[in-house]
Amino acid sequence: MQLFPCPFCGPRSESEFHFGGDAGNHRPEGFRDVTDSEWTAYLYERNNPRGAANEIWMHMACGEVFRMERDTVDHRVAQSFVLGEGGDNGGMA
Amino acid sequence: MAAWRNDGGTAIDRSQPLAFSFDGKVIEAFAGDTIASALLAGGVSVVGRSFKYHRPRGLWGAGVEEPNALVDIAAGMPNTRATQALAANGMAVRSVNAEPSAEKDRRAFIDAFSRFIPAAFYYKTFMFPDWHLFEPRIREMAGLGTLDETKTGPEFAEQVNHHCDVLVVGAGPAGLHAAREAVRAGRRVVLCDDGRQPGGSLFYRAATIEGKSGAEWVADVATELERAGDLVLTSATAFGIYDHHLVGLSQKGADGAPDRLWRIRAKSIVLATGAIERPLPFGNNDLPGVMSAEAALVYLRRFGIVAGRKIVIATNNGLAYETAEALVAAGADVTVVDYRADASTPAGLRVLKGVSVRAATGRNAVNAVTLSDGTVLEADAVLVSGGFTPTVHLYCQAQGKLDWRDDILAFVPGRPVEGVDVVGAAAGTFGLPPELADGMARDLGIIAAWPKPGAKERVWIDLQNDVTAKDVELAVRENFVSVEHLKRYTTLGMATDQGKTSNVNGLALMAEITGRRIPDVGTTTYRPPFTPVPLASFAGARSGTRMNPLRRLPLEQAHRADNAVFREYGGWLRPAFYGAGSPEERIQAEARGARERVALFDGSPLGKIEVIGPDAASFLDFIYYNTMSTLAPGRCRYGFVLTEGGNVYDDGVLVRLDENRFIVSCSSSHVAGMHALLEEWRQDRFDRKRVFIHNATAEMATLTVTGPQAKALMGTIDLGIALDDTTLPHMAVVSGVFEGIAVRVARISFTGDRSYEISVPADHAAALWTRLRQAGEAFGAGLLGLEALMILRAEKGYVVVGKDTDGTSRPMDFGLTAPLERKKVEFIGRRSLITEDAGRPDRRQFVGLEAIDGKGVLPTGAHGIERGSGVPRSIGYVTSSYFSPVLQKPIALGLIELGLSRMGEIVELQHLREIRRARVVSACAFDREGSRLHA
Ligand SMILES: [Zn+2]
Chain A
245 MQLFPCPFCG PRSESEFHFG GDAGNHRPEG FRDVTDSEWT AYLYERNNPR
295 GAANEIWMHM ACGEVFRMER DTVDHRVAQS FVLGEGGDNG GMA
Chain B
465 MAAWRNDGGT AIDRSQPLAF SFDGKVIEAF AGDTIASALL AGGVSVVGRS
515 FKYHRPRGLW GAGVEEPNAL VDIAAGMPNT RATQALAANG MAVRSVNAEP
565 SAEKDRRAFI DAFSRFIPAA FYYKTFMFPD WHLFEPRIRE MAGLGTLDET
615 KTGPEFAEQV NHHCDVLVVG AGPAGLHAAR EAVRAGRRVV LCDDGRQPGG
665 SLFYRAATIE GKSGAEWVAD VATELERAGD LVLTSATAFG IYDHHLVGLS
715 QKGADGAPDR LWRIRAKSIV LATGAIERPL PFGNNDLPGV MSAEAALVYL
765 RRFGIVAGRK IVIATNNGLA YETAEALVAA GADVTVVDYR ADASTPAGLR
815 VLKGVSVRAA TGRNAVNAVT LSDGTVLEAD AVLVSGGFTP TVHLYCQAQG
865 KLDWRDDILA FVPGRPVEGV DVVGAAAGTF GLPPELADGM ARDLGIIAAW
915 PKPGAKERVW IDLQNDVTAK DVELAVRENF VSVEHLKRYT TLGMATDQGK
965 TSNVNGLALM AEITGRRIPD VGTTTYRPPF TPVPLASFAG ARSGTRMNPL
1015 RRLPLEQAHR ADNAVFREYG GWLRPAFYGA GSPEERIQAE ARGARERVAL
1065 FDGSPLGKIE VIGPDAASFL DFIYYNTMST LAPGRCRYGF VLTEGGNVYD
1115 DGVLVRLDEN RFIVSCSSSH VAGMHALLEE WRQDRFDRKR VFIHNATAEM
1165 ATLTVTGPQA KALMGTIDLG IALDDTTLPH MAVVSGVFEG IAVRVARISF
1215 TGDRSYEISV PADHAAALWT RLRQAGEAFG AGLLGLEALM ILRAEKGYVV
1265 VGKDTDGTSR PMDFGLTAPL ERKKVEFIGR RSLITEDAGR PDRRQFVGLE
1315 AIDGKGVLPT GAHGIERGSG VPRSIGYVTS SYFSPVLQKP IALGLIELGL
1365 SRMGEIVELQ HLREIRRARV VSACAFDREG SRLHA
């Protein structure tokens, strides 16, 4: 059971969190101009990195959506960020 | 067995004798005895039968490593390790794998056929026609214990979450020392041990620490810990180590108290888990009476039991000599067979050096051993030490990697794991911590005595799973040379003892046969749990109705008073219908009453998520398929919410209370999902300071008045609102007051009749419901359960998402094309609606299906069938189907390929072997003009 740092609540058990996707998977805007392949990439293509990962998570207990940098191999959590803070927003929008 | 009780034993209280039964035989013991020590002292040599061959087996160990002595305790736990369970007065204990008793097992004949049933015999033999045909009988024969269905006890195991600075696992000398150091450094400490009290080896190995005896020192350290406010947990096994320093502990409840599962999150962990003695490989080394030399010392010093009168101790190391000297002092005749030719040994012992044991003989108990030089030594107990295997399970679970040490012939923790220290015997350091007793580190002085291939007699490697050296040889011959394959092929190390005594001998034999070094063979993966943990401990309180608690209505008691029959709908316990008698008749009557007069419905679980703020309107334009920003304050609009994949996720009515305040009325089963969806987009796309979300679902009850008499009924209740259709038309909302409490009244209909949805704070729902009931009497108002409501909405062709939609449904399939054509701005899933798939000419569309074959209601789930030239093909299916009381005929809804352009066509529907015929019609079967909404 990993501990994830919610920017609002502090460290909490991973079972309280909901995975929101890769950070930086920006939603392609302007539906008339977005190609099928751009939209497909947004919907379905995932990085699934081995090692350093940059992800969006939601803390279901308080509703906070945030960005977290962690390692998928050793499960070390580097840091979590309030969306829009800590450099690249990285969210989906 | 020749074991006998002397007058020693620090664990037992001779003033408290007790008796229990084992396989029907009375065993006398003392308070403090384990079942194992009582059996040993009671002369029971055969404590169980082996898993596969039904060989007689005796005690090997004295603790968690015991592979043989598993017993069932009546009205207690099956497969209890006799070495760890206390004997209790009156308990009925049975051996496992044996019938009628361990001593006279009627399947003992199986062993005579043992050479015909090598490793993987069952899998190779019982292949045709299907292994699963044979499996139950074979499993039953191999058995292990059986669950006592009459078991009673605590309702559920307790679960405790705990945090500390340092968790020390193992309360032997190394663990106690580490815990005391941490306490003295001001840390919050938890010390746990699977024994009934802290102390570990200090209870049976002689030691003087800081001028005190081992036992005195243990008591002093434990007191110091407890005085400092730290936890000392006994009978608690750390069975697993998980991410971020979470350790699972299974604590046995004492005296019928519930077991306890601890989840301890520690900043750092000290593993002082000790080491486990290995058997020596010789023929028939599984005979009862062949026992671990260390276990024999435990039984002597803790329980006052001398293992035999004529004892052979076989060892390849120096640690067995304490057992030898203690047994001699207790009056036994002891011969030590020391495999080491040049061992320096204590004086006054009979020691044969440079010889080894070739085989043991005996039938149900050992009676002699034959040595490598041909000497035969009579013996009623053979105590063996093949070296020690550090207990590294938790370290390995924490991703540690093992190193092999040739000087102690053991795997020890290698590279450090952050926050996890391994100390004492678990780290390969035998004896006391050097800081406590300089120079008392015990010299192992071990030489190799690994199993060799080609032995004449059967040499047991894994006692619990009945794996012999020959099985390992067979596995290698069949090319299972990876250690993981060896394990799966022979089941070596896969029993409930997880190979604690057998793994290293198995690896060594594999190394020998394949010409590799032991570290090159490697170990199998260590996985939790270290010892079996009752499933009840993991379940804790989450069983039965607590597994997934139902949500309850504020008005549940009122509905019960009206004889409601409750069912679960989307996690809520709701009235399905009211009253006794035929459910079908009740439901039909409720639906008919609602159409003819007026009915009251409790719609409280309906989602009520408030969206507030200056950006709320543009936010909701993005959320909904439909344009919502054009909605006037005080008005409501029906809409779909899609996934980014363009599929229908939810539907419902959006209420605009004022310029910057909306209420999302989502499906009751989708509230949590919609709330998360709204929050995610709010925070990740919008300015989170300009739009806010509040889930008010549970705060507010929603009571609905529906039917032709709804307005008249409402007119008799003073809510301070005007009911005329100019002030409160269909799809409008107004604020009112009921008994001084603000309520909201909306003209929203899920029945197709004029309806008023009244949202009232949950704690005032009962009062309003009572008032509505009283007022309803004059109008013949009935109560409407969920089932009747489902009929009413189906008559109107109103969609239930998840029932009339599936994971591929798009809004256009329901005839809703306008937003896609006209909406100017982005919304969730928009781009997916202009893909090739969304434009497919053969999409399944939402239609009504009218049975025309006079055979009654169509089966829900029946598939529409198209018989072309080839195989019949599904063109969709029935999603909802009922008998309509107002139309007096069956009605149905379905998703049918190109259904909207098939109006009037006859389709065949197939369900199981039955073929039905139906006409494709509009989804709305009743009051197509919608005049009843305003009547
Ligand atoms: Zn939080």
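Protein chains in written order, with the numbering used here: chain A, 245 to 337; chain B, 465 to 1399. Note that the Cβ used here is the ideal one computed from N, Cα and C, for glycine as well. Everything numeric in this text was worked out from a predicted model, so none of it was measured.
With respect to chain B, the C-beta atom of His303 (chain A) has no partner C-beta closer than 8 angstroms.
Segment contact: the region 666-682 of chain B against the region 886-901 of chain B, three or more CB-CB distances shorter than 8 angstroms; contact assigned.
Our two residues, Lys676 (chain B) and Thr474 (chain B), have alpha carbons roughly 17 angstroms apart in a direct line. Taken atom to atom, the span from the alpha-carbon of Ala739 (chain B) to that of Gly892 (chain B) is near 8 angstroms.
As far as DSSP is concerned, Cys306 (chain A) takes part in no beta bridge.
The contact set of Gly307 (chain A) on chain B, defined by CB atoms closer than 7 angstroms, consists of Glu1143 in chain order. In terms of Cα proximity to Pro915 (chain B), the closest of B:Ser820, B:Arg1154 and B:Leu1014 is B:Ser820. At a cut-off of 8 angstroms, the C-beta of Met245 (chain A) has a neighbouring C-beta in chain B. Within the DSSP bridge table, the entry for Gln1374 (chain B) names B:His1327 and B:Ile1379 as partners. Val1155 (chain B) and Tyr1341 (chain B) have their alpha carbons spaced roughly 41 angstroms apart. Cys250 (chain A) carries a strand assignment under DSSP once its states are collapsed to helix, strand and coil.
Only exposed fits Asn1012 (chain B), as fewer than 16 other CB atoms lie within 10 angstroms of its CB. When only Cα atoms are considered, Pro249 (chain A) and Ala889 (chain B) end up about 37 angstroms apart. B:Ala784 is the residue among B:Asp871, B:Phe1291, B:Gly1216 and B:Ala784 whose C-alpha sits nearest the C-alpha of Val846 (chain B). With fewer than three CB-CB distances shorter than 8 angstroms, the region 980-997 of chain B does not count as touching the region 1141-1150 of chain B.
Contact annotation: Gly1067 (chain B) and Thr1215 (chain B) have beta-carbon atoms that are not nearer than 8 angstroms.
Contact annotation for Phe275 (chain A) against chain B: Glu1290, Arg1294, Arg1295 and Ile1298 [CB-CB distance below 8 angstroms, chain order]. Identification of chain A residues near His1134 (chain B) by a Cβ-Cβ cut-off of 9 angstroms yields none; the smallest Cβ-Cβ distance measures about 15 angstroms. Counting C-beta pairs with one atom in each stretch, the region 1044-1059 of chain B and the region 1230-1240 of chain B have fewer than three that are closer than 8 angstroms, which means they do not touch. Distances taken from the Cβ of Phe252 (chain A) to the heavy atoms of ligand 1 include one shorter than 7 angstroms. The C-beta of Ala824 (chain B) comes no closer than 8 angstroms to any C-beta of chain A. The beta-carbon of Asp1306 (chain B) is placed no less than 8 angstroms from the nearest beta-carbon of chain A.
When DSSP states are grouped into helix, strand and coil, Ile1076 (chain B) belongs to the strand group.
Listed along chain A are Met245, Gln246 and His319, each with a C-beta nearer than 7 angstroms to that of Asp707 (chain B).
Close partners of Ala1302 (chain B) in chain A (Cβ separation under 8 angstroms) are lacking, with about 11 angstroms as the shortest Cβ gap. Legend: CB atoms of the region 274-293 of chain A lying less than 7 angstroms from CB atoms of chain B belong to residues Phe275, Val278, Asp280, Trp283 and Leu287. Contact of His262 (chain A) with chain B is assigned, a C-beta pair being separated by under 8 angstroms. Boundaries of the alpha helix (DSSP H) harbouring Asp935 (chain B): Ala933 to Arg941, taken from the DSSP string. The three-state reading of DSSP puts Met755 (chain B) in strand, counting E and B together.
Chain A has no Cβ within less than 8 angstroms of the Cβ of Leu1250 (chain B).
Between Ile733 (chain B) and Gly883 (chain B), the CB-CB gap stays under 8 angstroms. The beta carbon of His1139 (chain B) sits no closer than 7 angstroms to any heavy atom of ligand 1. Fewer than three pairs of CB atoms, one per stretch, sit closer than 8 angstroms, so the region 257-266 of chain A makes no contact with the region 275-284 of chain A. Remark: C-beta atoms of Ala483 (chain B) and Ile491 (chain B) approach each other more closely than 8 angstroms. For Ser559 (chain B), the enclosing beta strand (DSSP E) stretches over residues Ala556 to Ser559. Between Leu999 (chain B) and Ile982 (chain B), the gap from beta carbon to beta carbon reaches 8 angstroms or more.
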